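To start, the structure itself, in structure tokens.
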DNA sequence: AGTGTGTTTGTTATGTTATATCAAGTCCGT
DNA sequence: ACGGACTTGATATAACATAACAAACACACT
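Chains as they are written, first to last, in the numbering used here: chain A, 52 to 184; chain B, 52 to 184.
See the structure below:
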């Protein structure tokens, strides 16, 4: 048998990718229980933790939710824009901004290890939809 | 009787200020129950929501916790550095960084309304303490 | 003052998110 | 096969948050 954990991670990642927008851990759990009704929360949280660690999944701290990383390939901290209307999330990478941020926080000797940057608002299509209203 | 809500907000703020480091809503609730044992969670959450709105309190999204705003006077989005060792939080304001961030997220027409910027790491004193180890 | 109406606050209950803990299974070197 | 380290599974519970309704209050109008 292959490592069970890896299988679980792959399934979780597949579910998140299919959805495309943020899902709570319990939504993922619900989907997995279709096949495997006895699955428990810690299983999902472990898979999500491993995926988040690896960079395959982002945790949205301000939503307590998770989303599959789209611009696959960067493990750097991402800037995430979150549309409060439709839930769409976009990822951006900006080493410059990260550097600026670290230097601001570093003014007093602080040593950053992890950056959380989330921007809430309206995406382009929800914004234009509202303009017409 | 003065508005009850305002009294509650003042008490919550006083507790957060006394502590100085982040507190969960339920920690605050615990303290308030010393005087007023029948208080329920919604009361605290309402007070915290009002304070957060006004800028007197920051919500730390990545900790699900709250802290009194120290650099009292700015209602702008703050940059918060959080020491994972001792819990100390520092606030910074940088209109430039906020502008840069908005412009990155705005690349695709996104209209930001709220910025969440939290940096985890080690504060100066915890960092130097560890150096010696 | 009395009454109607909208708003704020209190209370109960419940929903949602997350983890501690221990049991069972797996891997691997001997 | 056996023992020890590590991973996974299952049970239980902890921690965080809000829905929904009831009671109190404030205010405008008569």
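From the three backbone atoms N, C-alpha and C, an ideal C-beta is built for every residue, glycine too.
Computed from a prediction, not measured in an experiment: that's the story for all the values here.
Item, Value
"Identify every residue that forms a DSSP beta bridge with residue 165 of chain B.", "A:171"
"Taking the alpha carbon of residue 160 of chain A as the point to measure from, which residue in B:56, B:132, B:97, B:158 has its own alpha carbon closest?", "B:132"
"Could you check which residue in B:143, B:59, B:171 has the C-alpha nearest to that of residue 100 of chain B?", "B:59"
"Pull up the distance between the alpha-carbon of residue 91 of chain B and that of residue 108 of chain B, whole angstroms please.", "20 Å"
"Could you work out which residue in A:63, A:65, A:57, A:72 is closest to residue 141 of chain A when comparing CA atoms only?", "A:72"
"Strictly below 9 Å CB to CB, what residues from chain A border residue 178 of chain B?", "160, 161, 162"
"Per DSSP, which one or two residues make a beta bridge with residue 132 of chain A?", "A:141, A:170"
"Measure the CB-CB distance between residue 148 of chain A and residue 64 of chain B and report whether it falls below 8 Å.", "no"
"Determine the DSSP secondary structure at residue 111 of chain A, reduced to helix, strand or coil.", "strand"
"Tell me, to the nearest whole angstrom, how far the beta carbon of residue 165 of chain B is from that of residue 171 of chain A; I am working on the premise that it is less than 8 Å.", "4 Å"
"What residues in the stretch 85–104 of chain A have a beta carbon less than 8 Å from any beta carbon of chain B?", "none"
"Excluding five sequence neighbours on each side, which residues of the same chain lie with their C-beta closer than 6 Å to the C-beta of residue 113 of chain B?", "169"
"If we ignore side chains and look at the alpha-carbon of each, how far apart do residue 144 of chain B and residue 96 of chain A end up?", "34 Å"
"Would you kindly work out how many angstroms separate the C-alpha atoms of residue 75 of chain B and residue 137 of chain B, rounded to a whole number?", "15 Å"
"Which residue comes first and which comes last in the beta strand (DSSP E) that contains residue 116 of chain A?", "116–119"
"Only counting the same chain, and skipping five residues up and downstream in sequence, which positions put a Cβ closer than 6 Å to that of residue 111 of chain B?", "73"
"Just checking: is the beta-carbon of residue 140 of chain A within a distance shorter than 8 Å of some beta-carbon in chain B?", "no"
"Over the uninterrupted alpha helix (DSSP H) stretch that includes residue 89 of chain A, give me the two end residues.", "Residue 89 of chain A -> no alpha helix (DSSP H), and no H or E assigned at all."
"So residue 68 of chain B packs on residue 128 of chain B, CB below 8 Å; how close in whole Å?", "Between residue 128 of chain B and residue 68 of chain B the Cβ distance is about 21 Å, and since that is not below 8 Å, they are no contact."
"Would you report the Cα separation of residue 157 of chain A and residue 130 of chain B, rounded to the nearest angstrom?", "12 Å"
"In the stretch 64–75 of chain A, which residues sit with their C-beta less than 8 Å from some C-beta in chain B, listed in chain order?", "none"
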